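Enquirer: Respectively, the protein sequence lines represent chains H and X. Whatever position you read off the first sequence (first residue = 1), add 344 for our numbering. Whatever position you read off the second sequence (first residue = 1), add 9 for our numbering. Okay, here's the structure, questions in a sec.
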Amino acid sequence: MEKVSIPILKSGDYLITSPQVTLHDKMAVQFKSDILQKIVETKAKGLVLDVSAIDVVDSFLVRVIGEIATAASIMGAQVVMVGLRPAVAMTLVEMGFSLEGVHTALDLEKGLELLRKAGKR
Amino acid sequence: MSKVNVQDLARELSSRLEQNADEVRSQWIKEMQQVGLLAALSPKEIEEQSKAIYDACVLCLKTGSYEGAERYAANMAKKGVLEAMTVDQIIAGLLILRDVYGGFIFQWYHKDPAKWHATIEIYQPVARKILNIVATSFVAERESVIKQQQKAIMKLSTPLVEVWEGIVMLPLIGTLDSARARQLTESVLNYIAQAKAGTVVVDISGIAAVDTKAASHILRSIQAIKLMGSDAIITGIRPDVATTLVTLGVDLSGIVTRSTLREGLEYAYAKLGLKMTKSSTT
Chain H
345 MEKVSIPILK SGDYLITSPQ VTLHDKMAVQ FKSDILQKIV ETKAKGLVLD
395 VSAIDVVDSF LVRVIGEIAT AASIMGAQVV MVGLRPAVAM TLVEMGFSLE
445 GVHTALDLEK GLELLRKAGK R
Chain X
10 MSKVNVQDLA RELSSRLEQN ADEVRSQWIK EMQQVGLLAA LSPKEIEEQS
60 KAIYDACVLC LKTGSYEGAE RYAANMAKKG VLEAMTVDQI IAGLLILRDV
110 YGGFIFQWYH KDPAKWHATI EIYQPVARKI LNIVATSFVA ERESVIKQQQ
160 KAIMKLSTPL VEVWEGIVML PLIGTLDSAR ARQLTESVLN YIAQAKAGTV
210 VVDISGIAAV DTKAASHILR SIQAIKLMGS DAIITGIRPD VATTLVTLGV
260 DLSGIVTRST LREGLEYAYA KLGLKMTKSS TT
């Protein structure tokens, strides 16, 4: 299978990434290590994870996102998840998942704003 | 015993019913009037409706197709639900029509038992089918009315009010069951996504009683709102509700609560850097 990597863009002190395909288990793990690597390389202070294109979130992906957030914050970068779809949010809550340690915002703009505010504190 | 051709007989029966339409119909109306079924209708209505029903029945017998009857029954159901005739009255009327037909069939054919028997065989399934169609269309009509009303109630039960740019108020009223909670969460989330509302003020002062279920529904909605990246505040927790929540061991940590809607709105404004002050000019 061809390896597809998800672009992680740098803008100022922050990283922005927006997966446009459904993340399968293998891909999600690869995505996690890519992000953490990129945080080390760029010394980013925050990461905005835009999930607005994702319409299927399973328990594994929830765990991976949680791990990304925890690992990133240990490395000094805050993670903000933005653009979660209403249906996905409902499914997550119904399944009993809570993404503790992951900040959320409505969209990319608000996510960046949140990171900026957090940085000032 | 002479062999009876079913198709010929059906044709004969329907043409007899057509030819003697007035006689049969007036007999039918008379019998209905005797049991007081038509009290609510005007003579003109009786004339029109009975003719239409009679013709529809004869048409079914003649063609073996029930489309006309179905259309008529659906139409009648729509009217009947609104007007004076109840379902049982209409079905009683049709049962009388069946008996009247039976009586005339006896009159016409009783001299030839084989033919009489065959006629009954033809006519009975048609009568059954027509009654079935009528009953079904009434049930279907009722159901569609109920569904419409349910939809209307559902819509009424999630009044999302935009108080300020980015602040939405959701006053909850009545009882919270799973179906309503789900619908509520869904519409709130969709609203948030579409209007980019950063703060949702949930006022629960109108909730009749908060039990474990209702509390968990509210908490879930708030979790979902937070996942979307918006902030939720609960306001209007009455003393008894607060006591219940504590007794139930509901964990409200991490959720902003304010005693009144007013304070909740103040909090929401403060988050946007706004403040309500009295204008100095007045």
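Virtual Cβ for every residue (Gly too), placed ideally from N, Cα, C. Remember, it's a predicted structure, so these values are computed and weren't measured experimentally.
1) What residues in the segment 165-197 of chain X have a beta carbon less than 7 Å from any beta carbon of chain H?
2) Is there a Cβ of chain H sitting closer than 7 Å to that of residue 45 of chain X, yes or no?
3) DSSP on residue 46 of chain X, reduced to helix/strand/coil?
4) Reducing DSSP to helix, strand and coil, say where residue 10 of chain X ends up.
5) Using a Cβ-Cβ distance cut-off of 7 Å, determine whether residue 202 of chain X contacts chain H.
6) Please state whether DSSP places residue 358 of chain H in a helix, a strand or coil.
7) I need the boundaries of the alpha helix (DSSP H) containing residue 231 of chain X, first residue and last residue.
8) If the cut is a Cβ gap below 7 Å, which residues of chain H does residue 233 of chain X touch?
9) For the ligand GDP, is there any heavy atom lying closer than 6 Å to the beta carbon of residue 129 of chain X?
10) Whether or not the segment 146-156 of chain X and the segment 25-42 of chain X are in contact is what I'm after, with contact meaning three or more pairs of Cβ atoms, one per stretch, closer than 8 Å; do they touch?
11) Hey, residue 194 of chain X and residue 434 of chain H: beta-carbon distance below 7 Å or not?
12) Name the residue from H:389, H:419, H:443 and H:372 whose alpha carbon lies nearest to the alpha carbon of residue 357 of chain H.
13) Would you mind telling me which residues of chain X sit closer than 8 Å to residue 426 of chain H, beta carbon to beta carbon, in chain order?
14) How many Å lie between residue 204 of chain X and residue 277 of chain X at the Cα?
15) Name the one or two DSSP bridge partners that residue 447 of chain H has.
16) Closer than 7 Å by beta-carbon distance: list the chain H residues that pair up with residue 205 of chain X, in chain order.
17) Is the beta carbon of residue 363 of chain H sitting closer than 7 Å to the one on residue 350 of chain H?
18) Going by the beta-carbon positions, is the gap between residue 132 of chain X and residue 169 of chain X smaller than 7 Å?
19) According to a CB-to-CB cut-off of less than 7 Å, which residues of the segment 131-144 of chain X neighbour chain H?
20) Compare the Cα-Cα distances from residue 408 of chain H to each of H:352, H:371 and H:458 and report the closest residue.
21) Leaving aside the five residues before and after residue 59 of chain X along the sequence, list all residues of the same chain whose C-beta is less than 7 Å from its C-beta, in chain order.
22) Let's see if you can read the secondary structure: which residues bound the beta strand (DSSP E) around residue 244 of chain X?
23) Quick check on residue 419 of chain H: does DSSP put it in helix, strand or coil?
24) I'd like the span of the beta strand (DSSP E) that includes residue 172 of chain X, first residue to last.
25) Would you mind sorting residue 218 of chain X into buried or exposed? The rule is 16 or more other CB atoms within 10 Å of its CB.
26) Could you tell me whether any Cβ in chain X is nearer than 7 Å to the Cβ of residue 430 of chain H?
27) Roughly how many angstroms separate the alpha carbons of residue 220 of chain X and residue 381 of chain H, rounded to a whole number?
Expert: On the basis of the coordinates in this document:
1) 194 and 195
2) no
3) coil
4) Model confidence at residue 10 of chain X stands at a pLDDT of 45, short of 50, so the residue's coordinates are unreliable and nothing is read from them.
5) yes
6) strand
7) 221-236
8) 433, 434 and 437
9) This structure simply doesn't include the ligand GDP, nor any ligand for that matter.
10) no
11) yes
12) H:389
13) 238
14) 16 Å
15) H:424
16) 450 and 451
17) yes
18) no
19) none
20) H:371
21) 34, 37 and 38
22) 240-244
23) coil
24) 170-173
25) exposed
26) yes
27) 48 Å
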